[in-house]
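**Q** First the structure, then my questions, so here it is.
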Amino acid sequence: MNFTPSSPFYTKRNLWIAWLLIALIASLHRVFLLHDYNNYLIFSRPFFIMLEGGDIYLLHPERFDDLFRYSPAFALLFAPFSILPDGIGVTLWNLLNSAVLLVGIFAFFSSESDNKKVFFFLLIIFFESLTATQNVQSNNLIAGLVLLGFSSMEKNKTIAASFCIALAGFIKIYCFPIAVLFLFYPKKKSFIAGMTVWTMVLFFLPLTLLSWDNFLNTYHSWYLSTAAASTLSKLSVMGILQVWFHLTPPPAYVQLSGLVVLLLPLLKTHMYGTKEFRVRMLASIIIFIIIFNQMSESATYSIALVGAAVWYLNLEKRHWVDVLFLVLVLVLASLSPTDLFPRYVRDHVIVPYKLKAFPLILVWIKIQVELWRMKQKGVE
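Sequential numbering of the sequence shown, starting at 2, is according to my numbering.
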């Protein structure tokens with residue numbers, strides 16, 4: 002088969018059919034064969050708890066396992082799925098997630114001639130994205146919104162950009178740092194206004210269901226739930242410091258240090274007009290919000306894989322180190338949780354030593370080096 006950019010294999014139509022078909026099969030397998038979709042129950046049941054005036058951030062073992070840790074707005078926005086039969090809701094939710102992610106990837110590359118890059122982007126993220134779909138999670142949706150937000154900023158569509166980033170932030174609060182990319186673009190006031198409006202709309206959206214007192218109590222419970230989780234150190238830089246070096250600094254100190262490193266390249270204001278610099282910062286922030294997030298779990302790394310794909314597929318020249326880092330990402334971060342990887346190695350090496358996070362940390366460090374070495378080539 003001739004795998005060239007002009008080959009029919011790389012057409013948008015074929016990629017769409019293949020991608021959504023995979024999501025559909027994974028959804029039907031989860032619903033009708035496994036009969037297990039607890040993550041979907043975590044998303045869908047809080048809407049009814051809100052209607053009843055209950056606290057959505059407490060344990061509700063009669064409805065779902067684990068805790069709901071998303072924003073109050075997300076519980077309300079999920080209502081169209083909540084009112085559906087679970088099987089239909091799971092399927093439509095997964096299809097929405099997969100569709101938004103693919104729309105985001107196509108928007109990021111924008112040109113038909115980039116369909117080959119879209120294909121390889123999908124290959125890089127395939128296993129993690131599939132895992133997110135099989136587990137009925139929101140990570141594909143979040144990654145798609147982030148890519149759409151960036152692409153909208155590139156086109157000076159500030160209202161669309163601010164909406165995508167605000168919505169991603171109200172699904173997972175750690176997405177808000179993506180907004181710092183607005184510094185690269187001319188319509189700064191318009192973006193700030195858009196972010197302010199969308200944030201206020203999403204913040205106060207639960208008032209359509211809740212009394213003022215319940216509204217305040219719900220946000221207070223969300224704060225307490227988030228604060229309680231801030232002491233964790235799962236698959237993150239903090240987790241590696243703890244397991245590898247027996248260091249347990251307060252997560253906030255590690256995150257602040259990482260934030261300083263993340264933002265320092267913004268001092269290179271003369272590079273703002275260079276798309277390569279902007280794309281590299283996008284990849285840096287996407288990976289940052291995962292590897293410095295003490296609540297990150299294995300499935301969350303599907304978002305970090307998107308950052309790695311953004312980085313690798315936009316390198317002008319790829320050295321052996323870049324290829325090595327991508328291989329490590331694919332092996333340790335993508336394949337290690339699957340049945341393709343030896344169970345003994347996974348259970349006794351990969352998981353205990355949090356090796357899934359390690360290659361993404363390496364990629365993030367390399368991106369910082371690249372950002373500082375990058376020189377201006379012209380405005381794009």
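Ideal Cβ positions, reconstructed from N, Cα and C, are used throughout, including at glycine. All of these numbers come straight from a predicted model, not from anything done at the bench.
Compare the Cα-Cα distances from Ala300 to each of Glu129, Asn39 and Glu53 and report the closest residue.
**A** If you number the sequence shown from 1, residue 300 lands on position 299. Of the listed residues, the one whose Cα sits closest to Ala300 is Glu129.
**Q** Since Leu329 contacts Asp323 with CB under 8 Å, what's their CB separation in whole angstroms?
**A** Taking the sequence shown and counting its residues from 1, one reaches residue 329 at position 328. Taking the sequence shown and counting its residues from 1, one reaches residue 323 at position 322. The pair is not a contact, with the Cβ atoms about 11 Å apart (cut-off 8 Å).
**Q** Beta carbon of Ile57, beta carbon of Met51: below 7 Å?
**A** Along the sequence shown, read from residue 1 onward, the residue named residue 57 stands at position 56. Along the sequence shown, read from residue 1 onward, the residue named residue 51 stands at position 50. Yes. Within cutoff.
**Q** Along the chain, where does the alpha helix (DSSP H) that runs through His1 open and close?
**A** Any property of residue 1 remains undetermined from this structure, which presents the chain solely from 2 to 381.
**Q** For the pair the region 255–262 and the region 347–358, tell me if three or more CB-CB distances fall below 8 Å.
**A** no
**Q** What separation, rounded to the nearest whole angstrom, lies between the Cα atoms of Lys276 and Phe110?
**A** Here residue 276 refers to the residue found at position 275 when the sequence shown is read from its first residue. Here residue 110 refers to the residue found at position 109 when the sequence shown is read from its first residue. Computed Cα separation, rounded: 12 Å.
**Q** Mind reading off the beta-carbon distance from Gly90 to Ser45? Whole number of angstroms is fine, and I expect it under 8 Å.
**A** Walking along the sequence shown from the start, residue 90 turns up at place 89. Walking along the sequence shown from the start, residue 45 turns up at place 44. The Cβ separation is near 6 Å, so the contact holds.
**Q** Mapping DSSP to helix, strand and coil, what is Arg70?
**A** In the sequence shown, residue 70 corresponds to position 69, counting from 1. Arg70 falls in the coil class under three-state DSSP.
**Q** Give a yes or no on whether the C-beta atoms belonging to Met201 and Phe278 are separated by under 7 Å.
**A** Start at 1 with the first residue of the sequence shown, and residue 201 comes out as number 200. Start at 1 with the first residue of the sequence shown, and residue 278 comes out as number 277. Against a cut-off of 7 Å, the Cβ pair of Phe278 and Met201 comes out as no contact.
**Q** Tell me where the alpha helix (DSSP H) around Met375 begins and ends.
**A** By 1-based counting over the sequence shown, the position of residue 375 is 374. Looking at the DSSP string, Met375 is not in any alpha helix (DSSP H), and its letter there is neither H nor E.
**Q** Report yes if the CB atom of Leu1 is closer than 7 Å to the CB atom of Cys165, and no otherwise.
**A** Residue 1 lies beyond the stretch modelled for the chain, which goes from 2 to 381, so this question has no answer here.
**Q** Can you tell me whether DSSP reads Asn116 as helix, strand or coil?
**A** Looking up residue 116 in the sequence shown gives position 115. In the three-state reduction of the DSSP assignment, Asn116 falls in the helix class, which pools H, G and I.
**Q** Closer than 6 Å by C-beta to Ser139: which residues in its own chain qualify, once you throw out the five before and the five after it? Chain order, please.
**A** Mapped onto the sequence shown, residue 139 falls at position 138. Result list for Ser139: Ile172, in chain order.
**Q** Is Gly170 buried or exposed, if buried means 16 or more other CB atoms sit within 10 Å of its CB?
**A** The residue given as residue 170 occupies position 169 in the sequence shown. By the 10 Å Cβ count, Gly170 comes out buried.
**Q** Can you look up Ala309 in the DSSP assignment and give me helix, strand or coil?
**A** For the purposes of this step, residue 309 is taken as residue 308 along the sequence shown, with counting starting at 1. Correct three-state label for Ala309: helix.
**Q** Take the Cβ of Gln295 as the centre, count every other Cβ of all protein chains shown within 10 Å, and call the residue buried at 16 or more, exposed below.
**A** What you label residue 295 is simply residue 294 of the sequence shown in a count that begins at 1. With 16 or more Cβ atoms within 10 Å of its Cβ, Gln295 is classed as buried.
**Q** Taking the alpha carbon of Ile368 as the point to measure from, which residue in Leu356, Phe49 and Val311 has its own alpha carbon closest?
**A** Start at 1 with the first residue of the sequence shown, and residue 368 comes out as number 367. If we check each option's Cα against that of Ile368, Val311 comes out closest.
**Q** In whole angstroms, give me the CA-to-CA distance for Met239 and Tyr345.
**A** Start at 1 with the first residue of the sequence shown, and residue 239 comes out as number 238. Start at 1 with the first residue of the sequence shown, and residue 345 comes out as number 344. Using only the alpha carbons, I get a separation of about 25 Å.
**Q** How many angstroms separate the CA atom of Leu236 from the CA atom of Tyr224?
**A** Your numbering for residue 236 matches position 235 in the sequence shown. Your numbering for residue 224 matches position 223 in the sequence shown. One C-alpha to the other measures close to 22 Å.
**Q** Quick check: Ile179 and Ile288, are their CB atoms within less than 7 Å of each other?
**A** As a working note, residue 179 is residue 178 in the sequence shown. As a working note, residue 288 is residue 287 in the sequence shown. Their beta carbons are not under 7 Å apart, which means Ile179 does not touch Ile288 by this criterion.
**Q** Under three-state DSSP, which class holds Phe293?
**A** On the sequence shown, residue 293 is found 292 positions in, with the first residue counted as 1. The answer is coil: DSSP assigns Phe293 none of H, G, I, E or B.
**Q** Look up Gly54 in the DSSP assignment and say whether it is helix, strand or coil.
**A** If you number the sequence shown from 1, residue 54 lands on position 53. Correct three-state label for Gly54: coil.
**Q** Just mark Asn157 as buried or exposed, buried being the case when its beta carbon has 16 or more other beta carbons within 10 Å.
**A** Along the sequence shown, one-based indexing puts residue 157 at 156. Result: exposed.
**Q** Is the beta carbon of Val137 sitting closer than 7 Å to the one on Tyr38?
**A** Within the sequence shown, residue 137 is the residue found at index 136, counting from 1. Within the sequence shown, residue 38 is the residue found at index 37, counting from 1. Contact: yes.
**Q** Quick one: give me the first and last residue of the alpha helix (DSSP H) that Val181 is part of.
**A** Counted from its first residue, the sequence shown places residue 181 at position 180. Neither: Val181 is in no alpha helix (DSSP H) and is coded neither H nor E.
**Q** Who are the Cβ neighbours of Phe1 in its own chain at under 6 Å, not counting the five residues just before and after it?
**A** There is simply no residue 1 to check, as the chain begins at 2 and stops at 381 in what is shown.
**Q** Mark Leu60 as exposed unless 16 or more other C-beta atoms lie within 10 angstroms of its C-beta, in which case mark it buried.
**A** The count along the sequence shown starts at 1 and reaches residue 60 at position 59. Under this definition Leu60 is an exposed residue.
**Q** Under a Cβ-count criterion, where at least 16 other Cβ atoms within 10 Å of its own Cβ denotes burial, should Met2 be classed as buried or exposed?
**A** Along the sequence shown, one-based indexing puts residue 2 at 1. Caution is warranted here: a pLDDT of 38 is assigned to Met2, below 50, making its placement in the model unreliable, and no coordinate value can be reported.
**Q** Judging by CA-CA distance, which residue of Asn95, Gln377, Met154 and Ser212 is the nearest neighbour of Val32?
**A** What you label residue 32 is simply residue 31 of the sequence shown in a count that begins at 1. The residue with the shortest Cα to Cα distance from Val32 is Asn95.
**Q** Less than 8 Å between the CB atoms is what I'm expecting for Thr134 and Ala284, so what's the real figure, rounded?
**A** Position 133 of the sequence shown, counted from the first residue, corresponds to residue 134. Position 283 of the sequence shown, counted from the first residue, corresponds to residue 284. Between Ala284 and Thr134 the Cβ distance is about 23 Å, and since that is not below 8 Å, they are no contact.
**Q** Would Ala229 and Trp199 be called neighbours here (beta carbons separated by less than 7 Å)?
**A** Residue 229 sits at position 228 when you count from the first residue of the sequence shown. Residue 199 sits at position 198 when you count from the first residue of the sequence shown. Not a contact, by the Cβ cut-off of 7 Å.
**Q** Taking the straight line between their C-alpha atoms, what separation do you get for Phe65 and Pro81?
**A** Against the sequence shown, residue 65 aligns to sequence position 64. Against the sequence shown, residue 81 aligns to sequence position 80. Taking the straight line joining both Cα atoms gives about 19 Å.
**Q** Report the option in Ile290, Thr227 and His271 whose CA atom is closest to the CA atom of Val255.
**A** Within the sequence shown, residue 255 is the residue found at index 254, counting from 1. With distances taken between Cα atoms, Val255 lies closest to Ile290.
**Q** What is the residue span of the alpha helix (DSSP H) that Gln243 lies within?
**A** Locating residue 243 in the sequence shown gives position 242, counting from the first residue. Its alpha helix (DSSP H) spans residues Val238 to Phe246.
**Q** Ala161 lies in the alpha helix (DSSP H); which residues open and close that run?
**A** One-based indexing of the sequence shown puts residue 161 at position 160. Ala161 -> alpha helix (DSSP H) spans Thr159 to Ile172.
**Q** In the DSSP assignment, find the unbroken alpha helix (DSSP H) run with Leu93 in it and report its ends.
**A** Walking along the sequence shown from the start, residue 93 turns up at place 92. Here the alpha helix (DSSP H) through Leu93 covers Asp87 to Phe110.
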